[in-house]
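Working notes for the structure below.
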Amino acid sequence: MGGVDLTDSLIGRHRISIKTKKWYQRMFYHLIDIFVVNAWLLYKRVEAYKGESSKVLKLAKFCTDRAMELSLSGISTRKSRGRKPSLEKLLQTKKQHHPAAYISLEGVRMDHVSHWPVWEERRLRCKFPKCKGYTF
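Note that the sequence shown ends on residue 521 in the numbering used here; no numbers are left out.
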């Protein structure tokens, strides 16, 4: 794969560098490289069509963003905190406070994969302003 066309030359610059002796793993990693480079070329073409060619990500940044989205899909990244300060504890007893909803990356939110509603025992109020509804 010596850079015969644009895809091969871009794969040569940003290859998945995992060494393995299994031929099928090498082929799988090469296919992932092809998919990512072709997706970046399509993304670049769409951004140019929209007239936002200044916002186009570099290939390396595009690859790392897609890797982060894939690794974070289906995993809750809410961080647990330590002990709360006493002032915050007093404020929390005065006002019932529900934990804020975690908003994931846009690529994970819009991928249409396994984002089903979570059924709670208690129904909570909707978080949108001026909405009188309840959650499930």
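Idealized CB from N, CA, C, for every residue including glycine.
As assigned by DSSP and simplified to three states, the class of residue i
i, result
"Gly-492", "helix"
"Met-386", "Legend: pLDDT at Met-386 = 45, less than 50; position of this residue unreliable, value from coordinates given subsequently. If DSSP states are grouped into helix, strand and coil, Met-386 belongs with coil."
"Thr-449", "helix"
"Leu-353", "An answer regarding residue 353 cannot be provided, because it is not within the stretch 386 to 521 covered by the chain."
"Lys-440", "helix"
"Trp-504", "coil"
Proximal residues to residue i (C-beta, below 7 Å), its chain only, five neighbours per side dropped
i, result
"Leu-395", "Val-422 and Leu-444"
"His-399", "Leu-444, Ala-445 and Cys-448"
"Asp-417", "The sequence shown places Ile at residue 417, not Asp. Here the set comprises Ile-401."
"Ser-438", "Glu-432"
"Thr-405", "Arg-411"
Boundaries (first-last residue) of the alpha helix (DSSP H) holding residue i
i, result
"Thr-392", "391-398"
"Val-431", "408-435"
Neighbourhood of residue i by C-beta, 8 Å cutoff - its chain only, sequence neighbours within 5 removed
i, result
"Asp-390", "none"
8 Å Cβ cutoff, residue i in contact with chain D
i, result
"Trp-504", "The displayed structure is made up of one protein chain only, and chain D is not part of it."
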